[in-house]
Amino acid sequence: MGLYVHRPMISATQLSKHYRVKVRDSGIGGALRAIVAPRYEDVVAVDNLTFSIDRGEVVAFLGPNGAGKTTTLKMITGLLYPTSGKIEVAGVNPWTAGSAFKSRLALVFGNKQQLLWDLPVDETFRLNRAIYSIPDTIYNEQRAELIELLELEELLDRPVRNLSLGERMKCELAAALLHRPELVLLDEPTLGLDVNAQDAVRGFLNEYGTRHTATILLTSHYMADVTALAKRVIMIDRGRLIYDGSLQGLVERTVPIKRIEVTLTPNATFDSIARFGEVKRFQYPHAVIEVPRAEAPEASARILMSGVIADLSIQDPPIEEVIRQVFARDSRAGRDGGAE
Amino acid sequence: MTAVAVWSKRYGAFIRSAWMVDIQYRADIALWLLWGITEPAIALGIWWTVAGGGDVDGYTRVSFARYFFGVTLINQLTQAWDAWYIDHWIAEGEMNHRLLRPIAPVHEAIADNIAYKARVGTIVIIVWLLTAAVWPIVRLPVAPERWVLAAVAVVLGAGIRFFNGFAVGLLAFWTTRASDIIELQMAIGVFLSGQLAPLDLLPHWVASVASALWFPYAIAFPVSLLTGTGGWEHHIVQGFVGQLAWLIAWWLLYRFIWRNGRKEYGAVGG
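Here the protein sequences come in this chain order: A and B.
Position in the first sequence counted from 1, then plus 24, gives you the numbering used here.
Position in the second sequence counted from 1, then plus 8, gives you the numbering used here.
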């Protein structure tokens with residue numbers, strides 16, 4: 025009997041990427057000095073990152089600008105050569121892996137496109153079909169599925185340059201996923217899209233991941249992307265890992281409170297609800313009270329019994345606030361020279 | 009599907025896309041073509057005047073006319089713009105999606121060259137035939153065996169210029185403006201490749217320097233084989249040996265720069 029060895033889709037061990045950047049002072053003097061006596065600085069983009077992602081997982085990479093998210097994605101795909109550490113994707117080293125490996129993944133950038141700018145969308149599909157040697161049956165099936173899920177029928181004959189940003193992003197996704205990659209990496213896939221287009225992209229990615237058991241990694245500054253798609257988040261700041269776990273776990277660990285949103289009755293006053301917890305907002309007929317997470321059920325029951333509210337709902341604090349707090353703490357820890 | 013079928017489909021798809029883009033930019037092609045014709049036309053005009061009713065070291069007006077018509081065609085058939093493209097791809101982050109494909113970016117560039125050369129070559133040949141119909145002196149003596157050799161030399165010359173341009177473009181992995189290097193090289197190449205004058209009209213030491221470099225093997229040699237003028241038609245073996253040597257040298261350089269440059273790649277942008 026063979027021994028089953030669990031192999032994650034992505035395994036990074038002490039992964040680092042440093043860039044050597046030329047330092048130049050401002051002004052003509054600075055420009056001349058840079059020629060005569062160039063100075064270089066080692067910029068650490070990714071610093072000893074260790075994580076592992078299983079097949080079929082959907083993971084969000086979070087971090088402020090310049091945290092190292094995109095650099096990490098690029099090392100996962102083999103675009104960038106790591107300065108040190110080890111990375112294995114689908115059991116191979118992405119840097120040395122050949123064409124078979126590349127046929128198993130897709131990387132989509134929200135700010136860059138691979139569509140043929142001057143030609144109708146369908147021309148990029150045809151080109152990718154040949155490049156990836158997609159068999160006819162799979163191509164027809166996958167193309168039909170993508171057209172249906174992303175509602176592309178009307179767009180196929182239109183030149184890419186005539187499409188709106190949202191339409192282009194949908195076509196970009198379709199072109200990148202025609203070969204049915206099992207690993208999909210998305211860098212800001214909803215960047216600049218309107219609310220409807222963002223919803224369409226999120227809905228599609230959810231559907232694609234479920235249908236094909238694809239592993240999906242994304243970076244996004246839109247928390248709605250994260251909550252709609254990922255159950256697990258990996259947070260990076262200044263290249264270092266600061267959290268790896270469930271989204272819910274992050275909320276509970278970072279902000280140990282629950283937010284009770286209430287609709288007040290006419291006889292309610294500030295004081296009448298202040299005894300249940302910290303009133304964060306009071307704007308009749310709405311108010312928000314924060315209570316310790318563990319006490320939320322009991323506090324809700326007491327509020328309901330008080331007779332000053334007409335309705336109540338219990339919420340976690342907004343994810344944006346949670347993220348802000350995590351980065352604020354990490355930034356303070358960094359300034360103090362300590363690590364979390 | 010066999011490997012041949014897979015690669016035929018890939019090259020076919022790239023060439024199809026390139027031609028479809030060309031159809032969108034018809035005026036652009038016409039202007040580039042005009043640019044390609046202008047330079048040899050000026051050179052022909054000068055030598056035509058210098059030759060007058062006699063000859064210059066054995067070159068009459070007829071041989072100059074044939075030679076520069078040959079230069080126009082061969083230059084277009086061996087021209088490679090890849091250094092500018094690669095420089096742009098690397099600087100603007102457009103190399104990223106190409107590196108993620110299951111085929112190396114060089115294949116897209118080769119297919120693009122085939123597409124480009126097929127269209128401009130066809131146009132130049134048509135223009136040449138039309139001109140020959142009304143102006144007999146640009147008609148070539150019938151020499152099918154030499155034309156076959158010229159066709160082989162054109163392929164090798166195109167290979168030299170392609171890998172030369174590609175390798176220099178890849179220097180953008182280290183420097184931000186690799187295309188400046190190719191522009192300098194082009195300026196020197198116009199002189200040493202025989203585009204301004206047949207090399208045997210240049211001082212002996214200049215012709216010697218030229219023959220030690222790759223420039224004449226990409227243009228002057230195929231032109232001589234095609235037109236029977238230019239001097240290289242008497243050095244066929246030396247010409248082919250030089251072509252093969254420089255093709256291999258630039259191919260090896262391309263491979264070396266590619267392997268080492270990839271590690272330097274910053275993958276800027278998306």
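Cβ coordinates follow ideal geometry from the N, Cα and C atoms, glycine included.
Counting the other Cβ atoms within 10 Å of the Cβ of W143/B gives fewer than 16, which makes it exposed.
One Cα belongs to R128/A, the other to L204/B, and the distance between them is close to 51 Å. Nearest C-alpha to Q138/A among K125/B, W97/B, L255/B: W97/B. Under the Cβ distance rule, L107/B counts among the residues neighbouring chain A, one pair being separated by less than 7 Å. One thing to note: W240/B has its Cβ within 7 Å of the Cβ of F229/B. Across the structure, L187/A and D188/B are spaced so that their CA atoms are roughly 35 Å apart. In terms of beta-carbon proximity, K110/A stays away from the interface with chain B, with every pair separated by 7 Å or more. In this structure L138/B is exposed. Its beta-carbon is surrounded by fewer than 16 other beta-carbon atoms within 10 angstroms. Nearest CB-CB separation between S76/A and chain B: not below the 7 Å threshold. Here P211/B is exposed. Its C-beta has fewer than 16 other C-beta atoms within 10 Å. Judged by pairs of C-beta atoms under 8 Å, the region 231-239 of chain A touches the region 201-213 of chain A, as three or more such pairs exist. Secondary structure within the region 289-362 of chain A: the alpha helix (DSSP H) runs of 4 or more consecutive residues, fully enclosed, are 294-298, 320-330, 343-359 (chain order). Per DSSP, H203/A lies in no beta strand (DSSP E) segment and is marked neither H nor E.
Going by beta carbons, F351/A and P88/A fall inside the 7 Å limit. At a cut-off of 7 Å, the C-beta of D142/A has a neighbouring C-beta in chain B. Excluding residues up to 5 positions away in sequence, Y67, T68, R69, F72 lie with their Cβ nearer than 8 Å to the Cβ of A59/B in the same chain. Residue burial annotation: L328/A is exposed, with fewer than 16 other C-beta atoms found within 10 angstroms of its C-beta. In the structure shown, N89/A adopts coil according to DSSP, grouped into three states. Looking at the backbone, the Cα of D66/A and that of I131/B are separated by about 53 Å. Fewer than three Cβ pairs drawn from the region 48-57 of chain A and the region 73-82 of chain A lie within less than 8 Å of each other, which leaves the two stretches out of contact.
Sixteen is the threshold: when 16 or more other Cβ atoms of the shown chains lie within 10 Å of the Cβ of S219/B, as they do, the residue is buried. Of all residues in the region 222-251 of chain A, none comes within less than 9 Å of chain B when Cβ atoms are compared. Within chain A, L103, L104, Y105 have C-beta atoms less than 9 Å from the C-beta of Y273/B, given in sequence order. In terms of Cβ geometry, L255/B and L179/B do not form a close pair [threshold 7 Å]. The beta-carbon of L131/A is placed less than 7 Å from the nearest beta-carbon of chain B. DSSP places R128/A in no alpha helix (DSSP H); its state is neither H nor E.
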